[in-house]
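*Asks:* Numbering follows our numbering, with no gaps: position 205 of the sequence shown is 322.
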Amino acid sequence: MNLFRFGMTAAVLVSVVCLNGAANAAENSQKKQAPVALEGNCAVCLVNGQKVVAGKPEFAEVFDGQTYLFPSEEVKQKFKAAPDQYVPALKGDCTVCFAHHDGLRKPGKIDHISFYEGRVFLFPNESIKAVFDKSPAEYADVDLACDGKCIVCKVDGGKDVPGKPEFTAIYQGLRYQFPSQAVLQKFQKDPAKYVAELNKKQAATGTPAASELVSISGTTGCAACEFGVHPRQNPDELGLAVKSDDGKIYVIEGAHASHPELYKGRFQSLAVNVKGKQIAQKGKFIWLDPQSIETVK
118 MNLFRFGMTA
128 AVLVSVVCLN
138 GAANAAENSQ
148 KKQAPVALEG
158 NCAVCLVNGQ
168 KVVAGKPEFA
178 EVFDGQTYLF
188 PSEEVKQKFK
198 AAPDQYVPAL
208 KGDCTVCFAH
218 HDGLRKPGKI
228 DHISFYEGRV
238 FLFPNESIKA
248 VFDKSPAEYA
258 DVDLACDGKC
268 IVCKVDGGKD
278 VPGKPEFTAI
288 YQGLRYQFPS
298 QAVLQKFQKD
308 PAKYVAELNK
318 KQAATGTPAA
328 SELVSISGTT
338 GCAACEFGVH
348 PRQNPDELGL
358 AVKSDDGKIY
368 VIEGAHASHP
378 ELYKGRFQSL
388 AVNVKGKQIA
398 QKGKFIWLDP
408 QSIETVK
């Protein structure tokens, strides 16, 4: 009997050791596969102290497909408690490039870093960093998905419900906001499903799920020359842009044909009123199919 009990105990211990070993091996494999974020520097130190502090491999944590390193276990635990507060915008990709080049993801570097409203922004060089520093508010929210509206509410209920900053989740470098903790947790259980479902809705209709008729006022400019974007329907055209008072850039589809004189004079910063239907949006850029364009005298 004693030998039987001893054998059972030994078997249980071996199973526990094997399971723990397998779990540790899986965790280590995940960390090896996920690229190292911030060139190995500590995300918490950047946000809390605006200091570049090297992390250590023994204090690693994988989040949103990247491995973050920390100088100590204590700092690592701070990150684990609220990772969305410490990760760099767009997973460290350049927000200026993302805004001006239709969602281009270009990696930034730790040597070209800016801080704005408690967040970290990386850029590929100093000249692009200078663009951000000149007007950071224009680029700080280009990583805000669904224009701040709840993706769960849209997919599950077909409703546009504003999210709240205190209920934020990060997925693929984008910030998703929700009206409550319960809805946030629903998204976190399967974020890929909600993103895929929203993309299906957009593909089926040919327009974003949040498409709506809007009326805007602003000044004209050249979409490609001044803002680095092109019309969706006529990408070979430079495009007419209208910059509204809230900083959003509206690309007016087909303006070169429907309003040729206005299109020719787009560089004159003319005041206009535009009514149209939103057909796409990326960050601060919104593409409109216009119903009417009026020049303000």
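The beta-carbon is built from N, C-alpha and C at its ideal position, and this holds for glycine as well.
1. T336 and S386 - do their beta-carbons sit closer together than 8 Å?
2. Relative to the C-alpha of G182, which candidate in L207, K303 and L261 has its C-alpha closest?
3. Is DSSP giving A177 helix, strand or coil here?
4. Which same chain residues, not among the five before or five after Q305, have their C-beta less than 6 Å away from its C-beta?
5. Does DSSP put S231 in a helix, in a strand, or in coil?
6. Excluding the five sequence neighbours on either side, which residues of its own chain have a C-beta within less than 8 Å of the C-beta of V389, listed in chain order?
7. Do you know offhand how far E156's Cα is from P224's?
8. Going by DSSP, which residues form a beta bridge with G393?
9. Go ahead and label A254 buried or exposed: buried means 16 or more other beta carbons lie within 10 angstroms of its beta carbon, across all protein chains shown.
10. Use the C-beta contact count for S244: other C-beta atoms within 10 angstroms, 16 or more gives buried, fewer gives exposed.
11. In angstroms, rounded to a whole number, what distance separates the CA positions of R383 and Y293?
12. Taking the alpha carbon of G220 as the point to measure from, which residue in Q167, N351, K365 and D260 has its own alpha carbon closest?
13. Going by beta-carbon coordinates alone, are L239 and A262 separated by less than 8 Å?
14. In terms of alpha-carbon separation, which member of E354, P152, K226 and L301 lies closest to V179?
15. Could you tell me which residues DSSP puts in a beta bridge with L261?
16. Any idea if K246 is buried or exposed, counting beta-carbon neighbours within 10 angstroms, 16 or more meaning buried?
17. Would you report the Cα separation of P279 and V169, rounded to the nearest angstrom?
18. Going by DSSP, what residues sit across from K226 in a beta bridge?
19. Counting pairs of beta carbons, one from the segment 305-316 and one from the segment 341-356, are three or more of them closer than 8 Å?
20. Rank T212, D273, G393 and R236 by C-alpha distance to the C-alpha of P200 and give the top, closest one.
21. Quick check: the Cα distance between H376 and C211, rounded to an integer number of angstroms?
22. Tell me the residue span of the alpha helix (DSSP H) that contains Y380.
23. Express the C-alpha separation of R349 and V269 in angstroms, rounding to a whole number.
24. With a threshold of 16 other CB atoms inside 10 Å of the CB of P205, please say whether the residue is buried or exposed.
25. Take K365 and list the residues in its own chain whose beta-carbon comes closer than 7 Å to its own, dropping the five residues that flank it on each side.
26. What is the residue span of the alpha helix (DSSP H) that K271 lies within?
27. Just the C-alpha distance for D277 and C267, rounded to the nearest angstrom, thanks.
28. Could you give the uninterrupted runs of the alpha helix (DSSP H) lying entirely in the segment 338-374, keeping only those of 4 residues or more?
29. If you reduce the DSSP assignment to three classes, tell me which class D277 lands in.
30. Give the range of the beta strand (DSSP E) segment to which Q183 is assigned.
31. What are the partner residues of A171, as DSSP defines its beta bridges?
32. Keeping to the same chain, check which residues put their C-beta closer than 7 Å to that of A341; ignore five residues upstream and five downstream.
*Replies:* Taking the geometry as given:
1. Cβ atoms of S386 and T336: closer than 8 Å.
2. If we check each option's Cα against that of G182, L207 comes out closest.
3. Annotated three-state conformation of A177 is strand, per DSSP.
4. The answer, listed in chain order, is A286.
5. In the displayed model, S231 falls within a strand according to three-state DSSP.
6. Closer than 8 Å at the Cβ level, and outside the excluded window around V389, lie S334, G335, T336, T337, V359, L379, I410, E411, T412 and V413.
7. Going by C-alpha positions, E156 is about 11 Å away from P224.
8. DSSP lists V331 and P407 as partners of G393.
9. Counting Cβ neighbours within 10 Å, A254 comes out exposed, since fewer than 16 surround it.
10. Burial call: exposed.
11. Between R383 and Y293, the alpha-carbon positions lie close to 35 Å from each other.
12. Nearest of Q167, N351, K365 and D260 to G220, Cα basis: D260.
13. Annotated as distal: L239 and A262, with beta-carbon spacing of 8 Å or more.
14. The closest CA to that of V179, considering only E354, P152, K226 and L301, is found on P152.
15. According to DSSP, which records beta bridges pairwise, L261 is partnered with R292.
16. Under this definition K246 is a buried residue.
17. Roughly 35 Å separates the two Cα atoms.
18. DSSP output for K226 lists F240 as bridge partner(s).
19. Flag = no, the segment 305-316 and the segment 341-356 do not touch.
20. Comparing Cα positions, the closest option is R236.
21. Whole-angstrom Cα-Cα distance: 35 Å.
22. Counting along the chain, Y380 sits inside the alpha helix (DSSP H) bounded by residues P377 to K381.
23. The straight-line gap from Cα to Cα measures roughly 27 Å.
24. Counting Cβ neighbours within 10 Å, P205 comes out buried, since at least 16 surround it.
25. Excluding sequence neighbours, K365 sits near K401 and I403.
26. Note, K271: alpha helix (DSSP H), I268 to G274.
27. Rounded to whole angstroms, D277 and C267 show a C-alpha spacing of 7 Å.
28. DSSP runs (the alpha helix (DSSP H)) wholly in the segment 338-374: 340-344.
29. DSSP places D277 in coil when its eight states are reduced to three.
30. Taken as a continuous stretch (DSSP letters only), the beta strand (DSSP E) holding Q183 covers Q183 to F187.
31. Partner(s): N158.
32. Shown here for A341: same chain residues with a beta carbon closer than 7 Å to its own, the five before and five after excluded, namely H347, L355 and G356 in chain order.
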